[in-house]
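Input: a single structure, listed below in structure tokens.
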Amino acid sequence: MLQSLSTQVGVTFFCVIISVVSLMSWQRYSEISENFPLQVENETKQDVRFIANSVANLVLYKKSYPLWKQMQKIQKQFNSDSDVKITSFAIVDENAKVLAHSNAKQHPLQTSLNLGDTGLTWQGYNISVVAPVLHLSSSRKLGTIAINFDASFIKSSLDKTKHQTLVYLLLALVLSVLLALAIRQRIAKPLKALKQQSLQIGTGNFVLQESKKQMKEIRELGEAMQSADLMIVSKSQELKQLAKVIEHADELVIITDNSGVIQYVNPAFERISGYSKKEAIGQTSSIVKSGEHHGDYYARMWSALLAGKVWRDDFKNRSKDGNIYEVTQTISPLIDEQKSVQGFVAVQRDVTQQRRVEEKLHHTDRVESLGVLAGGIAHDFNNLLTAILGNAALSLKKIDHSSPAYGNIESIVAASHSAADLCRQMLAYSGKGKFVVKPVNLSTLVEGMGKLINVSIAKNVVMRYQLAEPLPLIDADVAQIQQVLLNLMTNASEAIEDKSGVITLATGAMSAEKEYLFNSVGEAHLDEGRYVYLEVSDTGCGMDAATQKKIFDPFFTTKFTGRGLGMSAMLGIVKGHKGALRIYSERGQGTTIRVLFPESSEQQWVEMDELLTLTSNIDITGTVLIVDDEESIREVAAAMLDDIGFKSITAVDGVDGVACYRKHQSDIAFVLLDMTMPKMNGEECFRQLRQLNPNVKVILSSGYNEQEATSRFTGKGLAGFMQKPYTPQTLVDKIISLKLKKV
Amino acid sequence: MNKTPFFLVVLFLFTISTSALAGSSKLAFTGVMLDQGNNAVLSDFTKWLSKNADYPLVPSYKGSYQSVTDYLIRHRQCLAWTCGVPFIQDYQKYGQQLVAVPLFHGKPTYFSLVITKKGRKEKNILDFKGQAFAYSDLRSNSGFIAPSYALKKQGVNINQHFRLLLHTGLHEGSIDAVLNDLVDVANVDEYILVEYLKSHPEYKDKLVVLERFGPFPFTPIVAGSDTPPDVVKRLQKALLSMSEDKEGKQILDQLGLDGFVIKPVSFYQPLADMLKALKQ
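Protein chains in written order, with our numbering: chain A, 26 to 768; chain B, -10 to 269.
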């Protein structure tokens, strides 16, 4: 309560008044208690002198009875008139013989009595005055008079005065209290009003209530508050803007005192670190310490900061959930006017995602470089294999089974197929191995591979299927998906080794968000949306984090006999299908790999194989323009066409091909066009051929996969695609499909 | 009935001067009385007598019997109410005339009483040897002459018998002195003591009368030597009939007296004899 100014003033006033009144009262009482007896003393002396004079003649003539009677009268009259009472008297003559005594029995007349020395003595509140009785004219001493007075009224008077003083004090106390309350009220009222008004400070609504009765100080205070209100409003607007900037900034803002204790964090900090304001404030900035930096680093940083320097650097922090987030930060010391460091403000930009993207890009670059290399090799190799396989196939047709070379040529064909498989894997790794894309039901595909799966896993492994039905279709190359699944099954089985274990194969559909996809393995930017997944879980040995990071690197393997291309090829296939991978594994705890494929926009399809069965006897005749820069390809293709009844014209590149087509347009049934050629590539050649004949039938042939090769021809009327190396039968099948389309 | 002033009239005289007879007369009281000027009964008595005797009188108060004597010597047509002893002395020396004698308890006589405080062991005045004695006036019969004579008869000189002889000026003072232990014993007029105790009954139990001397002729009303005989006769006539007058009777009742009688001067011879004996 004493914290209130008005109360303090009131109490001070009360204390001062009561102190002054008390002091004055005490002083007055002291004066009275000192002076009053003196006054009584003087009065009694005077009275005694007066009495002595009044009885002088009686003393002179020693008239005892009149003297006694006179003294009786005097005593009676005196006691009726005065507060001081005569209690006794004695008068003796010059020979000290009693002339009159109030107690005659004890002091009979004419007996000797020594009244003592002249003067006044006190005994308690009794006053004894001894005075000479002098002759009225000659001043000769006639005798001595002694009168005892009862001055106890002094005590009662002083008591009365004391009581009066106490009453005055009490009155003063009451009055002081009332005055103090009034003063308090006088001060408190305007202050309360001002306090009420002060609630508006900072809102811009402070209205100064002016009154002539208002105290000057209060009025001035009000004016000052009004000015402050305006200033605060102005400043607070600026601060609000700044605060809004900080609050909405993507950058983390942390303010600490000079001990590093956090005073403020912005929402970005809360969002990224996981620590709420409440949790962070009061803690040191070490709550996000990652442990990734050496002690020397911190020593250098604090040394610079305490020296008043700004510290800029990348930094790794640990969020509340234990994850590391990377920031690039600027820590600035907050220096006051005395040049001392009062605290620090750190502005951090979260670059975790950026770093991941950079890393991913770096990895992607590396993978893509390898992919380009692998794709180039596979392309060229396929061209070679086309010639080898084609010639070998033709040779087998031309020689008798009993020929000793027959077996050798078959070995060439088989080796060529193995080489083609290797090329396919290389192309798959490079993401360019998808050939035949069509809507596929993953559950159906898995069911169809039951026997193959059982063969690919060890006997000590139990298979479990959790296949979702119905399942949305995906756009996929069945063969590649089969390759992926077998790869996963083989790896899962090998992870279980020779122990007992379970492999669970599951399919399903889910919605994947961007963040989820970003944190998956695959293309950097995949569209969020509905995905169908294929998931293989095993109870095998599992992988540590380091192994998980490397499993997609080409030629990385944990198997004694592995080539290290399985997982990288699988990743290529998944990427080729715009899909993604997620791996959940811990050493000793098994592995789960989930492969996601985007749902197909086309959810119904027709089995092409069924159509092929219906059209077995089709007429195959005409001239085919073969445009390929590889002479061996041109030769083997021509031989294959010739073998099945077609005539052929060859062109060495695109320019040559256009010229040949212009020359023999009317004879040419279709064009077998290579994609990659000098002078004019397949794309330009196709465009020019279309200019010559919009209905020209072109089968694109490439060492790259269909997706890669045909992506530039989408909607341009490409009749078909044929993957190198192809066999005569492949060529026949493609021609039949063209004929069917024609029909 | 207010009896306060009665005991005050023991010794007084009132004089009538020649000038008083000329129309500016005044009555002067004296004697050993206190508060003389306030004694309304004496004033009433003076007025009544003046009226009924057809003689202008005003009260005049004197301090002692000697003053009365002196006054009547200077004013020989004045009257006085005085004690028997001064009268008999002044009759012989200055020719004072006896006017009338009051009746107290129906008699023109009274006693001198020896009084002390109750509870004392003394039985008579002789027992107070060496103690203090109070008296009203040296010429007072009851106050001093009678006890002196009584002691004289027993061979004791009053001046030697007591340690202290305290002159009080009036009988009331002597009573007062006894009551307040100023003295041990006193002799007072019987009439005064009776009247005193009427107005102060609380002292009845505090005082005791040890002895009575007398009876003695009562204190008379006297006239100066030049007072005309017819005046004396009118005065005597008025006083003799006073008890029969309603107003006079009322004043007499207030004075505690029954009336007045006329006596010859010889009525006071016992006092003269007593004085003579004391001188011897």
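All residues carry an ideal CB built from backbone N, CA and C; glycine is no exception.
Against chain B, with Cβ distances strictly below 8 Å, would residue i count as a contact?
{"i": "Gln135/A", "result": "yes"}
{"i": "Ser89/A", "result": "yes"}
{"i": "Ala121/A", "result": "no"}
{"i": "Ala176/A", "result": "no"}
{"i": "Ala156/A", "result": "no"}
{"i": "Lys130/A", "result": "yes"}
I want to see whether chain A comes within less than 8 Å of residue i, judged by CB atoms only; does it?
{"i": "Val21/B", "result": "With a pLDDT of 37 at Val21/B, under the threshold of 50, the modelled position of that residue is not reliable, and the figure given next carries that caveat. No, because no Cβ of chain A sits closer than 8 Å to the Cβ of Val21/B."}
{"i": "Asp116/B", "result": "no"}
{"i": "His160/B", "result": "no"}
{"i": "Thr157/B", "result": "yes"}
{"i": "Leu246/B", "result": "no"}
{"i": "Leu153/B", "result": "yes"}
{"i": "Phe256/B", "result": "no"}
On the DSSP bridge list, what partners appear for residue i?
{"i": "Glu200/B", "result": "Val103/B"}
{"i": "Met488/A", "result": "Ile528/A"}
{"i": "Ser610/A", "result": "Thr616/A"}
{"i": "Thr675/A", "result": "Ile651/A"}
{"i": "Glu560/A", "result": "Ala531/A, Arg619/A"}
{"i": "Ser357/A", "result": "Val370/A"}
{"i": "Gln363/A", "result": "Beta-bridge pairing links Gln363/A to no other residue."}
{"i": "Thr146/A", "result": "Ser153/A"}
{"i": "Glu624/A", "result": "Ile499/A"}
{"i": "Ala493/A", "result": "Answer by DSSP bridge pairing: none, since Ala493/A is not bridged."}
Name the chain B residues whose beta carbon is nearer than 7 Å to that of residue i?
{"i": "Trp93/A", "result": "Leu171"}
If I follow the unbroken alpha helix (DSSP H) through residue i, where does it start and stop?
{"i": "Gln189/A", "result": "177 to 223"}
{"i": "Ser328/A", "result": "320 to 331"}
{"i": "Ser162/A", "result": "Per DSSP, Ser162/A belongs to no alpha helix (DSSP H) and is neither H nor E."}
{"i": "Val471/A", "result": "467 to 473"}
{"i": "Lys112/B", "result": "Here Lys112/B belongs to no alpha helix (DSSP H), and DSSP marks it neither H nor E."}
{"i": "Thr37/A", "result": "30 to 79"}
{"i": "Asp139/B", "result": "It should be pointed out that residue 139/B corresponds to Ala in this sequence rather than to Asp. Counting along the chain, the alpha helix (DSSP H) containing Ala139/B begins and ends at 135 to 142."}
{"i": "Gly591/A", "result": "591 to 601"}
Please compile the residues from chain A whose C-beta is within a distance smaller than 7 Å of the C-beta of residue i.
{"i": "Ala121/B", "result": "Pro133, Leu134"}
{"i": "Leu182/B", "result": "Residues of chain A passing the Cβ test: none, with the nearest at roughly 17 Å."}
{"i": "Ala166/B", "result": "Tyr90"}
Could you say which of the options lies nearest to residue i if we only look at CA atoms?
{"i": "Asp33/B", "options": "Ile240/B, Leu267/B, Asp247/B", "result": "Ile240/B"}
{"i": "Lys522/A", "options": "Thr532/A, Gly565/A, Thr69/A, Tyr541/A", "result": "In the sequence as presented, Lys is not what sits at residue 522/A; that position holds Glu. Ranking Thr532/A, Gly565/A, Thr69/A, Tyr541/A by Cα distance to Glu522/A puts Gly565/A first."}
{"i": "Ile104/B", "options": "Pro209/B, Asp170/B, Leu68/B", "result": "Asp170/B"}
{"i": "Ser525/A", "options": "Asp502/A, Ala531/A, Val486/A, Tyr556/A", "result": "Val486/A"}
{"i": "Ile478/A", "options": "Leu496/A, Ala517/A, Glu494/A", "result": "Ala517/A"}
{"i": "Ala69/B", "options": "Gln81/B, Ala89/B, Ser188/B", "result": "Ala89/B"}
{"i": "Ser545/A", "options": "Val620/A, His404/A, Thr186/A, Ile243/A", "result": "Val620/A"}
{"i": "Gln71/A", "options": "Met96/A, Val155/A, Lys87/A", "result": "Val155/A"}
{"i": "Ser536/A", "options": "Ser441/A, Pro623/A, Gly473/A", "result": "Pro623/A"}
{"i": "Val757/A", "options": "Gly728/A, Phe711/A, Ser365/A, Met665/A", "result": "Met665/A"}
{"i": "Ala175/B", "options": "Pro136/B, Asn146/B, Ala123/B", "result": "Ala123/B"}
By the DSSP assignment, the beta strand (DSSP E) with residue i in it spans what residues?
{"i": "Pro719/A", "result": "Where Pro719/A is concerned, there is no enclosing beta strand (DSSP E), given that its DSSP letter is neither H nor E."}
{"i": "Ile499/A", "result": "499 to 502"}
{"i": "Phe340/A", "result": "336 to 343"}
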